[in-house]
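Participant:
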Amino acid sequence: MKLSRRSLLVGTGAAAGLAVAWSLWPRGERASLAPTGDALALGPGLLIGRDGQVTLAVPQVETGQGIWTGLAQIAADELGAAWESIGVAPARSGSEWDNGLAEAEGWLADARAWPNAPDPGLLRITAGATSVRAMERPMRLAAAAARQLLIAEAASRWNVDAAECDTGGGFVRHEGKALAFAALAEGAAARPLPRGEIALRPGPGELVGKPLPRLDALPKAEGRLRFAGDVRLPGLLHAAIRRAGAGSISIDGTPPRGVRFERGEGWVAALADTWWAAELALAAARVRVLGPASGDDQAIAAALDTALGSDDFTTLHSIGDIDDAFAGARPLAATYTAAAQLHADLEPPGATARLKDGLLEIWAATQAPELARRDAGTAAGVSLNATILYPMPVGGQGGAALENDLVPIAAILAHRTGRPVQATASRTEQIRSDAVRSPLVARLFARPLPDGSIAAWRMRVAGADGTAEAFARMLGSTGGGVRTTALAALPYAVPNVALEFAPAALPIRAGYHRGELHPALTFFTESFLDELARIGGRDPLTQRMALLAGNLRLIRCLVRATALGGWDGGGPGSQMGLSVFSGYGSHIAVVADAQVGQGGAVQVNRLVAAVDCGRAINPALVKAEVESGMLAAIAQASGPAPSFRHGRVLSPLEPHLPTLANAPETLVEVLAGSGPPGGTSGLGSAAAPAAVGNALAAATGRRLRTLPFAPMA
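Counting in the numbering used here, the sequence shown runs from -8 upward without gaps.
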């Protein structure tokens, strides 16, 4: 992020038009987001009003994970503002915010070599538990720049050295004297940015580390927070959509009065004054969607088996000499499978577009707003400079909003009709055309030693890296390949390791999901380790502790989780299982209590987790993230597996979601840490299924090697 006098004032001023309607204030007041007579710009996306209210432009999209609150907490702490004065708004289109971890962690494998290589600004992405890790420093720099300007103004008035001044609670202070930000804002805005590097605070202030209330909680409770489906514009047309993905689509029939049909590449739409009228017309029309003729369950299984048995694989993690370690030995082996999984987002995808006087405006729930903005402008034939996208809050953390392919469709329809258009997919359409989490098959081999150590570990996984495929589609590449980070490194001290990935030619569309492939991969590794422990007559906890000798943070999580969960050894008659996961710069251990209930249904009674995510910005947000991830993952792991025909989902047509009636008791403890903040959104979903699977093995004496669990199969 570049900081200059121009970016401080001009850059922020350009944001006012898009953000003013979405300001979130704890007490409901409207904020002045333009640097006018009511407020002054003191940083990229930071405004201070004459009443002392501070508005922060947040670059990351709010998907329910609380990132607007977390990043605001970081900036407010660096600024020295009072929390009750803080409000937030989405950062403007075309801003200089950029999620550098999207490349650093390999999401966009070889993206710079692609024909449509993304500009840095297009990588404003909310996914992969990167928001705090990627944006903590830029948010602090923006706030620190404003803090230095406020201090310089106050020091000038007091005729003291600026180095002797500090901020706190919305005031600049010096030896008993204090001036409010509101009184200093105008003078500070007229000052040049101090020369040299922007100095950050040496440590956290008064806000970071506290479980502060979410800024969006009250607006949600009062119905004031607007989502994409809430947008209403004069003359709005509603469009119901059918999409074909990689297949073909056609529509026959005459639309009823007041409805018009439109066609595009891979989609058809019905437009009317209400969405229901458009949906009924589309349902009555003869819409034919044809995908690959072989895109069924048998073809998917065959593709996975072919890939698993082929020599076409990539070794993503390698330690020692795996072939030499297995030479002359008879390793223990097991095969695990995980079916495809659907997105469980509550909000159906949607987008609204208005093209007027050469300006294209888009309101959409998207986790990649700059890429969506580019696609909308291209689809409507409008330059990027004449396209504005307003990133709305997203109604679900499942990851479906990373690829919102309704954005360009809405732009095309607005261009064709000359009216604002809101394109919305029904729940059934959303599921049928879902970009699923890839089905996987894994073959695992291990050479355990009599002392409980493991001499060698090999895992070969067949499937698709949905995250890489999603970004490939978004950026116009021919293929996604596989990222090094698609498989997490084994957290255990094993001297010889090979983790291999064999790409499968699946006849279905794979995409990005919360937790990515880690829920299935952790289920594979943690279940197999549990098998090895029981074969060797060892307590699963003792086995893990022996192998985690060099991973002190994960040991700490495991010790705390088992203490909180009342670990009983996991022996005969137990209903308890363990699982650990390290990823996104964080660590988690989970203890599950589960059994097979009446009719063969999986019954999860309790989930206990201990989390080390380094320096927790807001422990309450971390707890909510982990708890929600565990519950969503367990619901999917105990529901029906999707079935496919012609490359589209045939059943089920509703996601399997947890309810209050069947949700287990949960307990999450966030361990105090001093390291850099780690990601948390994928932790619970990655670790919970394996813990439940191990609990079921203890309770029934039978190892379940498939996800979703099928105890009666």
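Note that beta-carbon positions come from the ideal geometry of N, C-alpha and C, so glycine has one too. The structure presented is a predicted model; accordingly, all values stated were derived computationally and were not measured.
Which of the three DSSP states, helix, strand or coil, is assigned to residue 21?
Facilitator: Annotation note: pLDDT 33 at residue 21 (below 50); position unreliable, no value reported.
Participant: Among the candidates 671, 230, 361, whose CA atom is the shortest distance from the CA of residue 375?
Facilitator: Checking every option, the nearest Cα to that of residue 375 belongs to 361.
Participant: What are the residues that DSSP puts in a beta bridge with residue 158?
Facilitator: Looking at the DSSP assignment, residue 158 forms a beta bridge with 163.
Participant: Taking the straight line between their C-alpha atoms, what separation do you get for residue 670 and residue 218?
Facilitator: About 25 Å.
Participant: What is the rounded straight-line gap between the Cα of residue 32 and the Cα of residue 46?
Facilitator: Low confidence applies to residue 32: its pLDDT is 43, below 50, so where it sits in the model is not reliable, and the reading given next is rough at best. Cα to Cα, the separation comes out at about 10 Å.
Participant: So what does DSSP say about residue 450, is it helix, strand or coil?
Facilitator: In this structure, residue 450 counts as strand in the three-state DSSP scheme.
Participant: Could you check what DSSP says for residue 205 in three-state terms: helix, strand or coil?
Facilitator: Note: residue 205 maps to coil in three-state DSSP.
Participant: Looking at the structure shown, is residue 354 part of a helix, part of a strand, or coil, going by DSSP?
Facilitator: Residue state, collapsed to three classes: strand.
Participant: Taking the alpha helix (DSSP H) that residue 509 belongs to, which residues open and close that run?
Facilitator: That run of the alpha helix (DSSP H) goes 509 to 526.
Participant: On the DSSP bridge list, what partners appear for residue 594?
Facilitator: In the DSSP output, where bridge partners are listed per residue, residue 594 has 586.
Participant: Tell me which same chain residues have a C-beta within less than 8 Å of the C-beta of residue 228, skipping the five on either side of it?
Facilitator: The answer, listed in chain order, is 262, 263, 264, 404, 408, 410, 411, 412, 413.
Participant: Is residue 613 helix, strand or coil when you go by DSSP?
Facilitator: Residue state, collapsed to three classes: helix.
Participant: Output the distance between the C-alpha atoms of residue 614 and residue 427, rounded to the nearest integer angstrom.
Facilitator: Roughly 27 Å separates the two Cα atoms.
Participant: Leaving out five residues on either side along the sequence, give the residues of the same chain with a beta carbon under 6 Å from the beta carbon of residue 449.
Facilitator: Taken in chain order, the residues that qualify are 313, 436, 489.
Participant: Taking residue 378 as the reference, which of 83, 283, 692 has the closest Cα?
Facilitator: Comparing Cα positions, the closest option is 83.
Participant: So the beta strand (DSSP E) residue 641 belongs to, where does it begin and stop?
Facilitator: From DSSP, the beta strand (DSSP E) with residue 641 extends over 639 to 642.
Participant: Give the range of the alpha helix (DSSP H) segment to which residue 180 is assigned.
Facilitator: From DSSP, the alpha helix (DSSP H) with residue 180 extends over 172 to 180.
Participant: In the DSSP output, which residue or residues are listed as bridge partners for residue 569?
Facilitator: Answer by DSSP bridge pairing, in chain order: 582.
Participant: Give me the DSSP bridge partner(s) of residue 429.
Facilitator: Answer by DSSP bridge pairing: none, since residue 429 is not bridged.
Participant: Does the beta-carbon distance from residue 387 to residue 337 come in below 7 Å?
Facilitator: Yes. Within cutoff.
Participant: Counting pairs of Cβ atoms below 8 Å between the stretch 57 to 64 and the stretch 600 to 613, do you hit three or more?
Facilitator: A contact exists between the stretch 57 to 64 and the stretch 600 to 613.
Participant: With 16 as the cutoff for other CB atoms within 10 Å, does residue 299 come out buried or exposed?
Facilitator: Buried.
Participant: Buried or exposed for residue 703, please, with buried defined as at least 16 other CB atoms from any protein chain shown within 10 angstroms of its CB.
Facilitator: By the neighbour-count rule (16 or more Cβ atoms within 10 Å), residue 703 is not buried but exposed.
Participant: Under 8 Å: do the stretch 268 to 276 and the stretch 226 to 244 share three or more Cβ pairs, one atom per stretch?
Facilitator: Contact between the stretch 268 to 276 and the stretch 226 to 244 is present, because at least three Cβ pairs lie under 8 Å.
Participant: Residue 660: which of 641, 604, 636, 647 sits nearest, CA to CA?
Facilitator: Residue 604 is the option with its Cα nearest to residue 660.
Participant: By alpha-carbon positions, which one of 616, 115, 683 ends up nearest to residue 357?
Facilitator: It is 115.
Participant: Taking the beta carbon of residue 491 as the centre, do at least 16 other beta carbons fall within 10 Å, making it buried, or is it exposed?
Facilitator: Buried.
Participant: Using 8 Å for Cβ pairs, my map puts residue 145 next to residue 170. What's the rounded Cβ distance?
Facilitator: Right, the Cβ-Cβ distance comes to about 5 Å (below 8 Å), so this counts as a contact.
Participant: To which residues of the same chain is residue 455 closer than 7 Å at the C-beta, ignoring the five residues directly before and after it?
Facilitator: Same-chain partners within the cutoff: 429, 494, 495, 497, 501.
Participant: Could you check where the alpha helix (DSSP H) with residue 77 kicks off and where it finishes?
Facilitator: Per DSSP, residue 77 belongs to no alpha helix (DSSP H); it is in the beta strand (DSSP E), 77 to 81.
Participant: Count the other CB atoms within 10 Å of the CB of residue 122; is the residue buried (16 or more) or exposed (fewer)?
Facilitator: It is buried - the Cβ of residue 122 has at least 16 other Cβ atoms within 10 Å.
Participant: Assign residue 566 to buried or exposed, taking buried as 16 or more other Cβ atoms, counted over all protein chains shown, within 10 Å of its Cβ.
Facilitator: With 16 or more Cβ atoms within 10 Å of its Cβ, residue 566 is classed as buried.
Participant: From this set, 656, 666, 624, 640, which residue's C-alpha is nearest residue 648's C-alpha?
Facilitator: Cα-wise, what sits closest to residue 648 is 624.
Participant: Quick one: using the 10 Å Cβ neighbour count with 16 as the cut-off for buried, is residue 354 buried or exposed?
Facilitator: The residue is buried, with at least 16 neighbouring Cβ atoms inside 10 Å.
Participant: Please classify residue 350 as buried or exposed, where buried requires at least 16 neighbouring CB atoms within 10 angstroms.
Facilitator: Classification of residue 350: exposed, given that the 10 Å Cβ count is below 16.
Participant: Let me check one thing: in DSSP terms, what residues is residue 473 bridge-paired to?
Facilitator: The partner list for residue 473 (beta bridge, DSSP) is empty, contrary to what the question assumes.
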